[in-house]
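Residue numbering for the sequence shown follows UniProt numbering, starting at 1 and increasing by one per position. Glycine residues also receive a C-beta, built at the ideal position from the N, C-alpha and C atoms. Values in this document were obtained by computation on a predicted structure and should not be read as measured data. Here is the structure we will look at.
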Amino acid sequence: MIRVRVISARGSTPRDAGAEMFVGPASVEGTIGGGQLEYMAIDRARQMLAAGEAEAGMDIPLGPEIGQCCGGRVVLHLDRQGPTPEDHPDVLVFGAGHVGRALALALHPLPVDATLIDSRPEELAQTAPGISTKLTPLPEAEIRAARPGSAVVILTHDHALDFLLAAEALSRGNLSYVGMIGSATKRAQFTRFVRAKGIDPAPLICPIGAGFTHDKRPAVIAAFTAAELITRLTAASSLKKIPMQQLIRGRVLDFHADPHDTADNHRYIQDGAILIEDGKILAVDDYTALAREGLVEIDHRPHLILPGFIDTHIHFPQVQVIASWGAQLLDWLNTYTFPEEERFNQQGHAPAMADAFLNLLTGHGTTTAVAFCSVHPESAEALFSAAHARNMAMVAGKVMMDRNAPDAVLDTPQRGYDDSKALIARWHGTGRQRYAITPRFAITSTPEQMAMAGQLVREHPDCHVQTHLSENLEEIDFTLSLYPQARDYLDIYETHGLLSDRLLLGHSIHLRPREIARMAETGSRAVFCPTSNLFLGSGLFDEGGLRAAGVVSGIATDVGGGTSYSMLQTLNEGYKILQLRGQKLTPLSAFHWITRGNALALGMEDRIGTLAPGSMADLVVLDSRATPAMALRMERAETLEQELFILQIMGDDRSVAQTYVAGQAMKTAV
Ligand SMILES: [Zn+2]
1 MIRVRVISAR
11 GSTPRDAGAE
21 MFVGPASVEG
31 TIGGGQLEYM
41 AIDRARQMLA
51 AGEAEAGMDI
61 PLGPEIGQCC
71 GGRVVLHLDR
81 QGPTPEDHPD
91 VLVFGAGHVG
101 RALALALHPL
111 PVDATLIDSR
121 PEELAQTAPG
131 ISTKLTPLPE
141 AEIRAARPGS
151 AVVILTHDHA
161 LDFLLAAEAL
171 SRGNLSYVGM
181 IGSATKRAQF
191 TRFVRAKGID
201 PAPLICPIGA
211 GFTHDKRPAV
221 IAAFTAAELI
231 TRLTAASSLK
241 KIPMQQLIRG
251 RVLDFHADPH
261 DTADNHRYIQ
271 DGAILIEDGK
281 ILAVDDYTAL
291 AREGLVEIDH
301 RPHLILPGFI
311 DTHIHFPQVQ
321 VIASWGAQLL
331 DWLNTYTFPE
341 EERFNQQGHA
351 PAMADAFLNL
361 LTGHGTTTAV
371 AFCSVHPESA
381 EALFSAAHAR
391 NMAMVAGKVM
401 MDRNAPDAVL
411 DTPQRGYDDS
421 KALIARWHGT
431 GRQRYAITPR
441 FAITSTPEQM
451 AMAGQLVREH
461 PDCHVQTHLS
471 ENLEEIDFTL
481 SLYPQARDYL
491 DIYETHGLLS
501 DRLLLGHSIH
511 LRPREIARMA
521 ETGSRAVFCP
531 TSNLFLGSGL
541 FDEGGLRAAG
551 VVSGIATDVG
561 GGTSYSMLQT
571 LNEGYKILQL
581 RGQKLTPLSA
591 FHWITRGNAL
601 ALGMEDRIGT
611 LAPGSMADLV
621 VLDSRATPAM
631 ALRMERAETL
641 EQELFILQIM
651 GDDRSVAQTY
661 VAGQAMKTAV
């Protein structure tokens, strides 16, 4: 069955927004107003049924050509109703003994994907047909590779192995259920065992299927455990409830082209609205075209609503280093940054900082960031977990660095590779998370590590790659002394196979002509970090020169070398740097850059950076009169461009009235 809904109706149309009709292969219930429009919709719905399509949109001008001469325009949304294959949570059952086999059987008809795991082929051979099994000598690796939110039940033949697996599962910190068969005595032993390793035993369920029965028959234990699991998994999946549909009203602005290329580059709707369903954008239009009885409305007038900002270069472990006095790049790293990044190895530090970091981003209107984590995989794990819980699109990676820094922030070529690989397996493509392979820069990676980074890029061509290039003259000299064979700085990354349109090169200030030409040919991106470049005295980015040469640039904060989380303040300083270069950053180009432009730099413009129907509702609501000085200045603003320029120069987090991530309001006070 396909549901056809009128999403917006402009002008004089036969039915209002909200009208619905249900189309089956040979049936139609309800109406969207009859006539040719309805025939077209029924036809399209039946095509979808035949082709197995899940979702489609139709935008139909009403006029004589479709035999409906009432004028206006109608936008329809068609989607499949009824049971659809869902993304079921994984349940890993360790131990294919009597209880394990009974549990796998009990889980089989339930909405989970259960796998029975053992190292003993003869036990797995006794499993009932249709149950999925996995034979492995290394069961703990399955726990490391499990998707966040998975459930783990441990009932192996061996107490020591049970303890090892349960410790591994608890240290993940993001599984929805960790259960171990056994008695209260076994739990007490286990508690001592994991406390010694600094792991919190509290989330462990032991005994499993707790307390409901003293009956020890495998099928009975299995039934109670399956019930306990389902209870837990259903609770885990019922995230914060967002009203199914909501209408966000205000002055709506987004971009469909680069203002450098064409004057037809943006859409501005004075009394506009964004219709959101389940966190996704269904439609953007005049408020009157989308409004209807019973719809939840949030009125942000007179504020501007744009796609959420994107920050293409930021250091998550530097939230407590920002604003450290008085050094250029290399001293600044050694004096402030590396000692701070050591702390990300301490229990509990990374998760606490991840929450603070994401709150700062959304507080400043940023809904997607490309982040460097510390060398410790725990830092990336913490950031991804926190972003995943918020349904927030992050691109991040643990830095690979194996020299020229204190031991506590170094890995080795092999460890950097293995840890990155495990994080990619777990997080790349999980929800809205994406992985960036992250050799910090050539100074802190040996040629061996660079080669391993290149291998990761070959093995995972759809991951991003992020690093730093030509930020500071002293850095360039030191780099070239470490790689005497290199023709120039970029050549180091080129030789190791890192160049592509997935590569983000932070700073890219002091470039030689050959480097610029190779960046253009390979599509490698430059990333402009204005507040950082001024703060560290690094140099003036040549946006116009790179553009003329065909290099695509992103723009970013580079906190903590950068001095503000605000993309508005980033535009302010960027404007001044380009002034010193004799170049202009117009208000439309500026706001295009921090939304669609940065999405293009990431190759993610189909998902973020615009208000295109079907994309997640990541939005920022901007108040151009947020401070008395802005309000006074705004009295004389006559055009949208003038208003945008005031925001670009005077705005910061005080101008961010609200930020939505996947339709969820992130600022508590509006
Ligand atoms: Zn940086």
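In this structure L360 is not in contact with A371, their Cβ atoms being roughly 12 Å apart against a cut-off of 8 Å. When the beta-carbon positions are compared, T430 and M392 stay at least 9 Å from each other. Contact holds between the stretch 292–308 and the stretch 608–624, because three or more Cβ pairs, one in each stretch, are under 8 Å apart.
Near ligand 1, residues with a Cβ at less than 5 Å from any of the ligand's heavy atoms are G506 and D558; the list follows chain order.
Under the three-state reduction of DSSP, Q466 is assigned to strand.
Within the stretch 148–188, the complete beta strand (DSSP E) runs of at least 3 residues fall at 151–154 and 177–180. In the three-state reduction of the DSSP assignment, E471 falls in the coil class. When DSSP states are grouped into helix, strand and coil, P307 belongs to the strand group. Taken through DSSP and simplified to helix, strand or coil, L511 comes out as coil.
Comparing alpha-carbon positions, the option among D16, T185, Q664 and L571 lying closest to A289 turns out to be D16. Checking the DSSP bridge columns, you'll see K280 partnered with E277 and M616. Taking 9 Å as the cut-off, the beta carbon of H507 is found closer than this to the beta carbon of D558. Among the bridge pairs identified by DSSP, Q569 is matched with none. About 6 Å separates the beta carbons of E543 and Q583, which is inside the 8 Å limit, making them a contact pair. In this structure S532 touches G562 by the C-beta definition: roughly 4 Å separates them, less than 8 Å. Counting C-beta atoms within 10 angstroms of its own C-beta, Q648 has 16 or more neighbours from the protein chains shown and is therefore classed as buried. Counted as a single uninterrupted DSSP element, the stretch harbouring P406 is not any alpha helix (DSSP H), since DSSP gives it neither H nor E.
Residue pairing for L253: DSSP places it in a beta bridge opposite Y268. Residue pairing for R10: DSSP places it in a beta bridge opposite R73.
Collapsing the DSSP output to three states places F535 in a helix.
Boundaries of the beta strand (DSSP E) around F372: T366 to F372. The C-alpha of D488 lies about 30 Å from the C-alpha of L585. Straight through space, the alpha carbons of H108 and A145 are spaced by roughly 22 Å.
Note on M401: 16 or more other CB atoms within 10 angstroms of its CB, so buried under the neighbour-count rule. Beta-bridge partners assigned by DSSP to A114: V91. In terms of Cβ geometry, E228 and G209 form a close pair [threshold 9 Å].
The continuous alpha helix (DSSP H) containing A387 extends over residues P377 to A389. By the neighbour-count definition (other C-beta atoms within 10 Å, threshold 16), K398 is a buried residue. DSSP lists T115 as the beta-bridge partner residues of S132. Within its own chain, the residues whose Cβ lies closer than 8 Å to the Cβ of G272, once the five positions on either side in sequence are excluded, are R249, G250, R251, V252, V284, D285, D286, Y287 and I305, listed in chain order.
In this structure the stretch 156–175 lies against the stretch 132–147, because at least three pairs of beta carbons, one per stretch, are closer than 8 Å. Around the beta-carbon of E168, 16 or more other beta-carbon atoms lie within 10 Å, marking it buried. Here D113 is actually not in contact with G95; their C-beta atoms are around 18 Å apart, not less than 8 Å.
In summary, D653 is buried, with 16 or more beta-carbon neighbours lying within 10 Å of its beta-carbon over all protein chains present. Listed in chain order, the non-local C-beta contacts of G130 below 8 Å within the same chain comprise H108, local neighbours out to five positions each way being set aside. By the beta-carbon neighbour count (other beta carbons within 10 angstroms, threshold 16), W325 is exposed.
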